[in-house]
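Numbers given in our numbering equal positions in the sequence shown, counted from 1, plus 54.
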Amino acid sequence: GQVVNVDPASVVVDGNHHVTEMTLNDLSVGIDQISTDIESRSTYMQFGGEYRNGGLRVEFVANHGEGTYSRNDMRSSISGLYGSATMKVLPSGLWSYELPDTFDQDDPSTFVVLRPATSNLAAVVESIDAPARPAYTIAQQPLTTPSFAVTYQPRMQENSETTYKVDLTYDFDEKIPFITRFKVGASNRKNELDYWGPGGYTVKAAVGTYGQPGYEAPIVVPTLNLRGSFRGCEPTATSTLSCNYGYVANTALSSRLTGVDTFTPDQLRELISGILVEPDSQFFNGYEGAEGLTSWKGLDIRKLWSQLGAAQNANYDCIKVCMGSDGKMYNQPVTHTEEKVNALYYMVEFEQDLPFNMLFNGNLGLRMVETDVLGSGLMTFNSIRKTSSYDPANPNAAGGTVTYSVSRQTTFEKKTRDWLPSYNFNLWVVPDEVVVRYYTARTIARPPINRLMPA
């Protein structure tokens, strides 16, 4: 058979026909790195008290806590061709590689390679998301490097919890027969959770056809899920398409917070040279039989982003409230969950001596739990209406209907009440040694608040 990019004359096999060495051609190196920044803060306050008077005891506790969590991921990758490499099997079974002497990881020219266009650019008709552009032939286009991707994705969460609890206990201390203690109490707990992702949505969809009478532009809030790029560019003697050096934002309404950064070849080489960093660990470090394996360089992602035009939007400024395409401010989609739990309970403890030195004791009680759950998320409502061109025989024909879309925060709420009895009876046949016990109770297991968000 045939294999791709392998020099057949370089293949070495052992006595069992296992390949132990080969040379690969037309190879490329790619560096892909993510930088994650996480910040978490929390505050907590608690106070309470206790009152005693004879057999009476009253306890009170109140708590309040708040927390914030934010995270953003910056990512980029660069790649370039370096030629051939020879791979050999080490005695340990691992593969080692020998790179050509001409390859230098520190040389940014590996990644900055100008190439001519390979196809004509078709003309673009003007739309709400893009301006008109004429067609360009290959000769009319400048030399460019590959476009290297940069991405940014933020998220944020805020939560709070407030609880109150009061318990009243009265110890009868043999003042009445059978009943030894009575307890009653109440509690209240409120949890709130708000979560914001990269956001972005269409507040109101476009109506009609762009450029035609009656057209209504959409209202779009941009996303913070930034997907941009940077590249090198150099004009030629015949090129008429401008390199547009510097930062050019996207014209699409939903992605206008990001765009393309274009550099001269020298500027791009200087940029890449400044963001290449040594690895902070050795590949297979300490692994017996893997000595001498080198590690690839990494990228200083934060330094890279600081030199790009889209960095002005790589923050949390637009994660809660952002300007729409109509110039007005709109709330970004937020997933809000709120849970309120009120509970009341009572419990009676009893004890009774029986013949033959036996003892009967235990307790019984009842708890009432009332839960009010509220969840909200973004809902898009579509209304499809017939036009004067509607054909009942062909209802899906173009122009027969028009769709209106509106996105709004939608809230759902549910309240439940549960009664939870419990019984515990103990017959001590031999006090403190042999017991016959009966216990039954009803419980509820509610999901955590972060599982109550609408999907």
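Glycine is no exception: its CB is placed at the ideal position from the N, C-alpha and C atoms.
A quick note: this is a predicted structure, and the numbers were derived from the prediction, not measured.
Considering only the alpha carbon of each residue, which of the options lies closest to residue i?
i    : options                : result
I233 : M401, V427, F466, V483 : M401
Q361 : T316, E405, A260, V331 : T316
R111 : S96, D221, N59         : D221
V238 : T223, Y384, Y249, V302 : T223
N298 : S163, V314, I182       : V314
A495 : L474, P62, P502, N480  : L474
S430 : T391, A451, L418       : T391
D342 : L144, N436, K229       : In the sequence as presented, Asp is not what sits at residue 342; that position holds Glu. It is L144.
E288 : N174, A193, F101       : A193
S94  : H71, G286, E75, R125   : R125
T318 : L325, G340, G286, Y301 : G286
T470 : T305, P446, K394, S64  : K394
Y398 : K382, L420, Q406, G381 : One detail in the question is off: residue 398 reads as Leu in this sequence, not Tyr. Of the candidates K382, L420, Q406, G381, the one whose C-alpha sits nearest the C-alpha of L398 is L420.
Here's a check: name, in chain order, each residue in its chain whose Cβ is nearer than 7 Å to the Cβ of residue i, leaving out the five neighbours to either side.
i    : result
S130 : Q87, F202, A203, V204, L353, I355, L358
V179 : A186
T277 : P252, G253, G254, S308, S309
M412 : L481, W482, V483
T90  : R125, D127
Confirm, please, whether the CB-CB distance from residue j to residue i is below 8 Å.
i    : j    : result
C376 : G253 : yes
P170 : L135 : no
L148 : A271 : no
N242 : N415 : no
D68  : L330 : no
L322 : V167 : no
L280 : Y370 : no
V60  : M76  : yes
T434 : V456 : no
S459 : A306 : no
T290 : A364 : no
Y269 : V261 : yes
Apart from the five residues on each side of it in sequence, which residues of its chain come closer than 6 Å, Cβ to Cβ, to residue i?
i    : result
Q211 : Y123, Y249
Q246 : Before going further, note that residue 246 is Glu rather than Gln in the sequence given. Cβ within range, chain order: S214, E392.
S133 : S82, G84
T465 : S430
P162 : R323, I326, S327
T216 : H118, K244
Y105 : V112
N417 : M401, E403, N478
S20  : For the chain, the structure presents residues 55 to 509; residue 20 sits outside this window and is missing.
Got a sec? Which residues, its chain only, sit under 8 Å from residue i by beta carbon, not counting five neighbours each side?
i    : result
K374 : M210, W250, N385, Q386, V388
T348 : F337
What is the C-beta distance between residue i and residue j, in whole angstroms, given that I count them as a contact (C-beta under 8 Å)?
i    : j    : result
G109 : F226 : 6 Å
S296 : Q195 : The Cβ separation is near 10 Å, so there is no contact.
V257 : G378 : 6 Å
L175 : Y151 : L175 to Y151, Cβ: 39 Å. No contact.
K468 : V427 : 5 Å
L78  : A139 : 6 Å
Checklist entry - Counting only runs that start and end within the region 430–474, where is the alpha helix (DSSP H) found for 4 or more residues in a row? => result none
Checklist entry - Which full runs of the beta strand (DSSP E) of 3+ residues lie inside the region 112–160, going along the chain? => result 149–152
Next on the checklist: In chain order, what are the residue ranges of uninterrupted beta strand (DSSP E) at least 3 long that sit wholly in the region 321–377?
Outcome noted: 375–377
Checklist entry - Residue ranges of each beta strand (DSSP E) run of no fewer than 3 residues wholly in the region 377–413, ordered along the chain? => result 383–385, 389–408
Checklist entry - Curious, which full-length alpha helix (DSSP H) runs of at least 4 residues does the region 274–324 contain? => result none
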